[in-house]
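Asks: Chains as they are written, first to last, in this note's numbering: chain A, 4 to 274; chain B, 53 to 422.
Glycine included, each C-beta is placed from N, C-alpha and C at the ideal position.
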């Protein structure tokens, strides 16, 4: 153990955080009382849950329920107001942990956020480089990826000229290009047709098979059915968390759609 | 080497933006082409309305002498002063010269007379410079008359003739001293405005979030943003210098290398300032107004257009914190006086302090966890 590592451990102990096995053996995310306030408004209200290694975890909720805010904390984009969360072994309370965490996660935002004025391969190269990959590895993997996506002929095209469905596939591929342990997807399939969405979910399954844990928010209840487990957020709290089959049984519903409507109907918060 | 990828990306984006290419070449050329003529302190074509109460040969001679210079145009010779005043009111005349009755008589018998010069002080520079030019001409005229009369000169104070020599600008060409300052201005405008638009642009596009979720260190990100503007600043500086040489034959008297070296410090500082504004702004519009405001203040407080020494105490205190004050000084010292590094050292320290503070601030104000 390096000296810096030791110091970090000391500080944690002094603050009352010990490597106490908070994160269980087969878990990759665990939160307890995780909270985010903006002034008087509590966007995320003491949520506690865990995500298992290699699972596809659906994070559902109506608009304004606090999904994106919760996800941004888990990615290290914003600092929790209260509570504890450990992601991939890193405690979100510590900035030094967040720095390390960022190396092992991928993120695809709700808003398309690759560079529109860079070409397909330039975007891949940029993010590969930022994650510390070598030029040769990037080039090799890029060719492989473009072939798999069927985008080889589009490699020099500006990203702004791609259709939305392709943009999303590209954004997802870039998010997992550096082989992260967890990938966070914030409404990745907004605004595209069902066929394209199905194609996208095939990519998600591929990633999960390679051992990447997938944490995904969505609006589409058919997509919720594809997840191993889902949580449903209402007004900043997690109201239910289980496998789709178990949830349907518990609420006596025929589909996730119905479950969602029953739970989300309790919301008091305005959109 | 994350930095390599970031810089590569910035350059690719710049190269694809025709506006940036245009501004980097065209703006310095345009500024050097037009501004030296516009910012000249020289006064020409001052309109003079003459009120001639004397109607004598000498008064007519004086009017002709004034008209023959390149500085003055006579708009008319009037009988009454209110007619001349009307000319000023309509903006046709800048100065009224009133020749009293008995002017010729007094001049010939006593060797002197009094004249009234009134100036429209709405344009202060024109009024004060025009009046003093006119003074000189009138004095000159009196002397000529007295010489012809064979009398001793009484008009010139104490009979002492003053010869002036203008160091570092022997021909007193008013365009020359402005040029180094104008080169600085165009460099400052471009390397201040472009970065101010940059990070906030990424915020608007949403790309900043994708960057913030990566492990890229803050300092690397900011330096990756700064270096491209540093290159742009050097291009703008070079274009400005070449145009100054081709158009006005002005080359730095001192070391070009020194000039470039210190410019880098200045450019880095200004781009850093742009990035700070960008970090704090939510929209391009906000960033735009903010940098605009700051640069205007910097220009006005720097003493480029008005001497700092004639500002009130509090304004001088502000100008002490203005990087333009120091860099304008450095530019003209190297350009016109050929000053060496030791000469300009007192101006280098404040510039260095500006650079350190700004870069530190730029890194700290970039909000990113980890």
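Tell me the start and end of each unbroken alpha helix (DSSP H) in the segment 270 to 333 of chain B that is at least 4 residues and wholly inside, in chain order.
Replies: 270 to 300 and 308 to 332
Asks: Counting only Cβ pairs nearer than 8 Å, list the residues of chain A close to residue 23(B).
Replies: Residue 23(B) cannot be examined here, being either before or after the span of chain B that is shown, 53 to 422.
Asks: Please tell me whether residue 151(B) and residue 98(B) are closer than 8 Å, where the distance is taken between their beta carbons.
Replies: No. Outside cutoff.
Asks: I want to know whether the segment 79 to 90 of chain A touches the segment 160 to 176 of chain A - three or more CB-CB distances under 8 Å.
Replies: Cβ pair count under 8 Å is below three, so no.
Asks: Counting only Cβ-Cβ distances shorter than 7 Å, please list the residues of the segment 258 to 273 of chain B near chain A, keeping chain order.
Replies: 258, 259, 261, 262, 264, 265, 266, 267 and 268
Asks: Under the assumption that residue 330(B) contacts residue 269(B) (Cβ atoms under 8 Å), give the Cβ distance between them as a whole number of angstroms.
Replies: Contact doesn't hold; Cβ gap of about 18 Å is too wide.
Asks: Is there contact between the segment 172 to 190 of chain A and the segment 243 to 262 of chain A, where contact requires at least three CB pairs shorter than 8 Å?
Replies: no
Asks: Taking 8 Å as the cut-off, does the segment 305 to 314 of chain B touch the segment 389 to 396 of chain B (at least 3 CB pairs, one atom from each stretch)?
Replies: yes
Asks: How about residue 58(B) and residue 272(B): do their beta carbons lie closer than 8 Å?
Replies: yes
Asks: In chain A, which residues lie less than 8 Å from residue 56(B) when you measure between Cβ atoms?
Replies: Residues of chain A with a Cβ closer than 8 Å to the Cβ of residue 56(B) are, in chain order, 132.
Asks: If you scan the segment 181 to 238 of chain A from start to end, which runs of the beta strand (DSSP E) of 3 or more residues do you find wholly inside it?
Replies: Counting only runs of 3 or more, we get 185 to 189, 216 to 221 and 232 to 237.
Asks: Check whether the Cβ of residue 260(A) lies closer than 8 Å to any Cβ atom in chain B.
Replies: no
Asks: Nearest chain A C-beta to residue 64(B) closer than 8 Å, yes or no?
Replies: When Cβ-Cβ separations below 8 Å define contact, residue 64(B) makes contact with chain A.
Asks: Give me the Cβ distance between residue 240(B) and residue 322(B), rounded to the nearest whole Å; I'm assuming they're in contact under 8 Å.
Replies: Confirmed, Cβ separation roughly 6 Å.
Asks: Could you check how far apart the C-beta atoms of residue 316(A) and residue 69(A) are, in whole angstroms? I think they sit under 8 Å.
Replies: Absent from the model: residue 316(A). The displayed extent of chain A is 4 to 274, so no value can be given.
Asks: Do three or more CB pairs link the segment 208 to 228 of chain A to the segment 49 to 69 of chain A at distances below 8 Å?
Replies: In short, these stretches touch, since the Cβ pair count reaches three.
Asks: What is the residue span of the alpha helix (DSSP H) that residue 51(A) lies within?
Replies: Note, residue 51(A): premise wrong, no alpha helix (DSSP H); beta strand (DSSP E) at 44 to 55.
Asks: Kindly list the residues whose CB is nearer than 8 Å to the CB of residue 36(A), restricted to its own chain and excluding five residues on each side of it in sequence; keep chain order.
Replies: The beta carbon of residue 36(A) sits closer than 8 Å to those of 49, 50, 51, 85, 86 and 87, all from its chain and outside the five residues before and after it, given in chain order.
Asks: When burial is assigned at 16 or more other CB atoms within 10 Å of the CB, is residue 262(B) buried or exposed?
Replies: buried
Asks: If you measure from the beta carbon of residue 66(A) to each beta carbon in chain B, is any gap under 8 Å?
Replies: No, its Cβ sits nowhere closer than 8 Å to a Cβ of chain B.
Asks: Hey, which unbroken runs of the beta strand (DSSP E) at 3 residues or more fall wholly within the segment 84 to 109 of chain A?
Replies: 85 to 90
Asks: What ranges does the alpha helix (DSSP H) occupy inside the segment 124 to 192 of chain B, keeping only unbroken runs of at least 4 residues that lie completely in it?
Replies: 133 to 141 and 155 to 162
Asks: I want to verify the contact list: residues of chain A whose CB lies under 9 Å from the CB of residue 255(B), in sequence order.
Replies: Those do not exist, as residue 255(B) stays about 11 Å from chain A at its closest Cβ, beyond 9 Å.
Asks: Which chain A residues sit within Cβ distance under 7 Å of residue 368(B)?
Replies: In chain order: nothing, as chain A lies at least about 43 Å away.
Asks: Does DSSP classify residue 75(A) as helix, strand or coil?
Replies: Shown here, residue 75(A) sits in a helix according to DSSP, grouped into three states.
Asks: Do the segment 189 to 208 of chain A and the segment 126 to 142 of chain A touch if we need at least three Cβ pairs shorter than 8 Å?
Replies: no
Asks: According to DSSP, simplified to helix, strand and coil, what is residue 357(B)?
Replies: coil
Asks: At a CB-CB cut-off below 7 Å, which residues of chain B make contact with residue 120(A)?
Replies: 65 and 68
Asks: Residue 2(A) touches chain B at which residues, Cβ-Cβ below 8 Å?
Replies: Outside the displayed span of chain A (4 to 274) sits residue 2(A), for which this structure offers no information.
Asks: Which term fits residue 392(B), buried or exposed, when burial requires 16 or more other beta carbons within 10 angstroms of its beta carbon?
Replies: exposed
Asks: Let me know if residue 98(A) comes out buried or exposed under the rule of 16 or more other beta-carbons within 10 Å of its beta-carbon.
Replies: exposed
Asks: Between residue 425(B) and the rest of its own chain, which residues show a CB-CB distance below 6 Å, the 5 nearest in sequence each way excluded?
Replies: No statement about residue 425(B) is possible, as the shown extent of chain B runs from 53 to 422 and does not include it.
Asks: Within 10 Å of its beta-carbon, does residue 305(B) have 16 or more other beta-carbons around it, so buried, or fewer, so exposed?
Replies: exposed
Asks: With the cut-off set at 8 Å, would you say residue 224(A) and residue 172(A) are in Cβ contact?
Replies: no
Asks: Shorter than 8 Å from the beta carbon of residue 4(A) to some beta carbon of chain B?
Replies: Residue placement at residue 4(A) is flagged as unreliable, the pLDDT there being 47, under the threshold of 50; the coordinate-derived value follows with that caveat. So, not an interface residue.
Asks: Determine, using beta carbons only, whether residue 139(B) and residue 101(B) come nearer to each other than 8 Å.
Replies: yes
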